[in-house]
Amino acid sequence: MRFADYITIALRNILRQKLRSGLTIFAVVIGATSITIMLAAVFSLKGFMTSQFEANGTFQQVAVSQQSDITWDDHNRGGNCQDCTKLSDDLATKIGTTPHVVGVARQTYIGQFQALQYGNQKLRIEQMVAYDANDIIKTQILAGRDISVSDTTGVLTISSDYADKLGFKGKYDQLIGKDVSLQTQGWYTGVGSDPLQAFKDQQAWFSSHPGADGRDYQPAPTVLTGKIVGITDANSEHTRVRVPLTWAHGMMENQTAQITQADQDAAQAKCRTSRVPNCSTQPVPSSVSVSDELAKQGYSSFIVKVDESSNAAAVAKNIRNTYKVGAADAESEIKSQLAIFNILGLVLGGIGGIALVVAAVGVVNTMIMSILERTREIGVMRAVGARRRTVSLLFTFEAALLGFFGGVLGLGVGYGAVLIANPIINKQLSTNNITSSNIITLPIWLILGVVGLTTVIGILAGLYPARRAAKQDPVEALHYE
Amino acid sequence: MAAVIEIKNVTRTYKLGDEVLNALDGVTCVVQSGEFVAITGPSGSGKSTLANIIGGLDRPTDGSVVVDGQDLSHVRDRQLSDYRNKHIGFVFQSFNLQGNQTAMENVMLPLVFARMKPRDRKARAKECLEAVGLGDRLKHKPSQLSGGQRQRVAIARALAVKPSIILADEPTGNLDSARGEEIMKLLKALNKQGITLIVITHDVSIARQADRTIQIKDGKIGRG
Numbered sequence: 000m001r002f003a004d005y006i007t008i009a010l011r012n013i014l015r016q017k018l019r020s021g022l023t024i025f026a027v028v029i030g031a032t033s034i035t036i037m038l039a040a041v042f043s044l045k046g047f048m049t050s051q052f053e054a055n056g057t058f059q060q061v062a063v064s065q066q067s068d069i070t071w072d073d074h075n076r077g078g079n080c081q082d083c084t085k086l087s088d089d090l091a092t093k094i095g096t097t098p099h100v101v102g103v104a105r106q107t108y109i110g111q112f113q114a115l116q117y118g119n120q121k122l123r124i125e126q127m128v129a130y131d132a133n134d135i136i137k138t139q140i141l142a143g144r145d146i147s148v149s150d151t152t153g154v155l156t157i158s159s160d161y162a163d164k165l166g167f168k169g170k171y172d173q174l175i176g177k178d179v180s181l182q183t184q185g186w187y188t189g190v191g192s193d194p195l196q197a198f199k200d201q202q203a204w205f206s207s208h209p210g211a212d213g214r215d216y217q218p219a220p221t222v223l224t225g226k227i228v229g230i231t232d233a234n235s236e237h238t239r240v241r242v243p244l245t246w247a248h249g250m251m252e253n254q255t256a257q258i259t260q261a262d263q264d265a266a267q268a269k270c271r272t273s274r275v276p277n278c279s280t281q282p283v284p285s286s287v288s289v290s291d292e293l294a295k296q297g298y299s300s301f302i303v304k305v306d307e308s309s310n311a312a313a314v315a316k317n318i319r320n321t322y323k324v325g326a327a328d329a330e331s332e333i334k335s336q337l338a339i340f341n342i343l344g345l346v347l348g349g350i351g352g353i354a355l356v357v358a359a360v361g362v363v364n365t366m367i368m369s370i371l372e373r374t375r376e377i378g379v380m381r382a383v384g385a386r387r388r389t390v391s392l393l394f395t396f397e398a399a400l401l402g403f404f405g406g407v408l409g410l411g412v413g414y415g416a417v418l419i420a421n422p423i424i425n426k427q428l429s430t431n432n433i434t435s436s437n438i439i440t441l442p443i444w445l446i447l448g449v450v451g452l453t454t455v456i457g458i459l460a461g462l463y464p465a466r467r468a469a470k471q472d473p474v475e476a477l478h479y480e
Numbered sequence: 000m001a002a003v004i005e006i007k008n009v010t011r012t013y014k015l016g017d018e019v020l021n022a023l024d025g026v027t028c029v030v031q032s033g034e035f036v037a038i039t040g041p042s043g044s045g046k047s048t049l050a051n052i053i054g055g056l057d058r059p060t061d062g063s064v065v066v067d068g069q070d071l072s073h074v075r076d077r078q079l080s081d082y083r084n085k086h087i088g089f090v091f092q093s094f095n096l097q098g099n100q101t102a103m104e105n106v107m108l109p110l111v112f113a114r115m116k117p118r119d120r121k122a123r124a125k126e127c128l129e130a131v132g133l134g135d136r137l138k139h140k141p142s143q144l145s146g147g148q149r150q151r152v153a154i155a156r157a158l159a160v161k162p163s164i165i166l167a168d169e170p171t172g173n174l175d176s177a178r179g180e181e182i183m184k185l186l187k188a189l190n191k192q193g194i195t196l197i198v199i200t201h202d203v204s205i206a207r208q209a210d211r212t213i214q215i216k217d218g219k220i221g222r223g
């Protein structure tokens, strides 16, 4: 029998029982649609995230921290430890000379600030960060400009969620050049603090609170003023204030009031001349010592840029072994994160797969019904010369076509869903300032895969009924009532 | 005249549980080319089994069946199917037409299995339907045709592959006597053209029209 005849006859038989075939195909459509949508969504989102990571160069980066067991995900937490290798400027320079390393961004987190104030609006500072403005750590700027190498102090960028809270959503430009106050904790000792005044304040508090517990004393916070130069994308770094590294050094300084010999002499001299009984010889400091705590403690982390993303893992290993610090490349970490999408794809695809198994049972049922109904017809076909194989193939084609149509229709429905979903996702992302166009796509492998899968399922479901049809004894079949 | 069908010591047994039923029990006969043979006998005598074995729908348990020099007793399904397709035209008592297909499509069915080109199929089917006097009923479905017309379509289908043998199992059984007469006339005309005609019947008036009668009783050939 000719191939075209198989198709024609199988099609005619499918059309003969329109409702039954339709319902059978419908079951396949459900399975095919769910598989299409689920796999398309999962793999498209995975691809989108990968491309986002690639776009900001994450794959070319190695995170270095003091803890030797750092993973990439931990680098934002930084942290210090006693016996660890300090992340010093010197180390940064050394790492910069490691093979395949293009550059190093030193990064530190500043914990002394509590609030950001604009006008009379006060917002809590979740994270304040400073890092080298050498474009290794990429920031998405929505308005204004990024912190640059020439910035030293008094300038900052804030993430767009702050700007939104301040009421500048959609008009970030209007915030550029505006001053905001940065409010510290009470025990702040960095730039802008006045340790001599703080000493006096403390003395005054103790003399007015005799016998009080020193722990109840709260020094006045320091307020620094900074000018907003840029708004960063909250999607890449949210609730975040960034300042230049130079300013960070100042903020993390430890300024302490220093009591010199001269101060002590002065206090005693003062007592001697006064006639007050029980004169206090408590000296009053007149000078201030400054120590650069950031230089002393080291940075929270380094982000090392590597020439090729394929070298990242090797560079991380090299840095780990050479300097006894923690170093992790992003790729393996991100890959393990993206593996979630693979699992998700498997799970969701599995659900679609179950739907397809159910659909396959439907196909088996339909085919057995149709073979029973057509027993006599099979007998006639055999009598006029159809071979067993021909009969078997004929029913296999019929089952395959049920699967094929289910797959094609399922793809169609899935495509429709994608057409509906994409504008919604685009809109959602654009409100989050991510420009994207139609993230979910139906790759050719998915299209062919779904139709191929449902067709194969149809063929498999048709195997048993087809065999049964072919094995039928023609004499009995011809007399079947 | 060369022998077309040679049947030697053919036995066909069926097992029904523990019981063994001898449908054919050592049947030997020869049908010459172009002959019109009637196979008669009471129901259950084995005449249909003999016809099925000649037609390649069934295989003997023992003995040999040679048709046109081809031994049918030990061939595979493929060869047997091709044999039915090329050599045999079946005509059944209950017509066995595909109800959802037109007269043309019914007649074309054997040609589909013969891998004939669609255009040639149509031409041949039309030719056959015209030969049985249904040139004006090509697009009719069986339900739109009378019993006699349906059997004519079945005969046209049997003719389609130009068989050397037509096997008709009670071809007039479902028809009134006038229609039955017409069908017999048609079959005899085909026989005159050289096709070997084997009619299975228990109707004596039909058997009488044959060149020869093979009588079967209890699976054995009686005197004809």
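Here the protein sequences line up with chains U and H, keeping their order. Each residue of the first sequence is one higher than the last, beginning at 0 in numbering that gives the first Met the number 0. Each residue of the second sequence is one higher than the last, beginning at 0 in numbering that gives the first Met the number 0. Beta carbons are placed, not taken as given, at the ideal position from N, Cα and C, and that holds for glycine. All of these numbers come straight from a predicted model, not from anything done at the bench.
Problem - Where L347/U sits in the DSSP three-state scheme - result: helix
Handout entry: Meets three-Cβ-pair contact criterion under 8 angstroms: the segment 282-294 of chain U and the segment 185-198 of chain U
Key = yes
Problem - Contact with chain H by A359/U, beta-carbon distance below 8 angstroms - result: no
Practice task
Inspect the beta-carbon positions of V493/U and I318/U and report whether they are closer than 8 angstroms.
Solution key: Absent from the model: residue 493/U. The displayed extent of chain U is 0 to 480, so no value can be given.
Exercise for the section: Determine the DSSP secondary structure at G77/U, reduced to helix, strand or coil. Expected result: For G77/U, the predicted structure reports a pLDDT of 48, less than 50, and the residue's modelled location is therefore unreliable. A value from the coordinates is still provided. The answer is coil: DSSP assigns G77/U none of H, G, I, E or B.
Practice task
Examine chain H for any beta-carbon lying closer than 8 angstroms to the beta-carbon of T395/U, and answer yes or no.
Solution key: no
Practice task
Give the residues from the segment 354-382 of chain U that approach chain H closer than 8 angstroms (Cβ to any Cβ), ordered along the chain.
Solution key: R375, E376, G378, V379, M380, R381 and A382
Problem - 6 angstroms CB neighbourhood of R83/H in its chain, flanking five on each side removed - result: G55
Practice task
Counting only the same chain and skipping the five closest in sequence on each side, list residues whose C-beta sits under 6 angstroms from that of I438/U.
Solution key: S43, F47 and I424
Problem - 7 angstroms Cβ shell around N253/U - same chain, five flanking residues per side excluded - result: T188, S290 and E292
Exercise for the section: Could you pull the start and end residues of the beta strand (DSSP E) that D61/H belongs to? Expected result: D61 to V66
Handout entry: Chain-ordered chain U contacts of Q92/H [CB-CB under 9 angstroms]
Key = The premise fails here: Q92/H is roughly 10 angstroms from chain U at the closest Cβ pair, so nothing lies under 9 angstroms.
Problem - Which of helix, strand or coil DSSP assigns to N21/H - result: strand
Practice task
Would you mind telling me which residues of chain H sit closer than 8 angstroms to G384/U, beta carbon to beta carbon, in chain order?
Solution key: S80, D81, R83, N84, K85, P109, F112, A113 and V160
Problem - Residues sharing a beta bridge with F35/H, DSSP - result: L196/H
Practice task
Can you give me the Cβ contacts of A311/U inside the same chain, cut-off strictly under 8 angstroms, excluding the 5 residues immediately before and after it?
Solution key: F58, Q59, Q60, V61, V305, D328, A329 and E330
Problem - Reduced DSSP category for S20/U - H, G, I as helix; E, B as strand; rest coil - result: helix
Exercise for the section: Please determine, among S93/H, G62/H and T212/H, the residue with the shortest C-alpha to C-alpha distance to G25/H. Expected result: G62/H
Practice task
Closer than 6 angstroms by C-beta to G30/U: which residues in its own chain qualify, once you throw out the five before and the five after it? Chain order, please.
Solution key: G351, A354, L355 and A358
Practice task
Please confirm if L410/U has its CB atom under 8 angstroms from at least one CB of chain H.
Solution key: no
Practice task
Please state whether DSSP places G98/H in a helix, a strand or coil.
Solution key: coil
Problem - Sub-8 angstroms separation of L244/U and Y130/U beta-carbons - result: yes
Handout entry: DSSP state of K121/U mapped onto helix, strand, coil
Key = strand
Handout entry: Rounded separation between G134/H and I87/H - CA only
Key = 23 angstroms
Practice task
Could you please give me the residues that DSSP links to L223/U through a beta bridge?
Solution key: L181/U
Handout entry: Rounded C-alpha distance that separates V101/U from Q182/U
Key = 37 angstroms
Exercise for the section: Step through the CB atoms of chain U and report whether any lies within less than 8 angstroms of the CB of R156/H. Expected result: yes
Exercise for the section: Determine the contact status of R241/U and L155/U, defining contact as a CB-CB distance below 8 angstroms. Expected result: yes
Problem - Closer than 8 angstroms to chain U by CB, D119/H - result: no
Problem - CA-to-CA distance, D172/U to D163/U, given in whole angstroms - result: 12 angstroms
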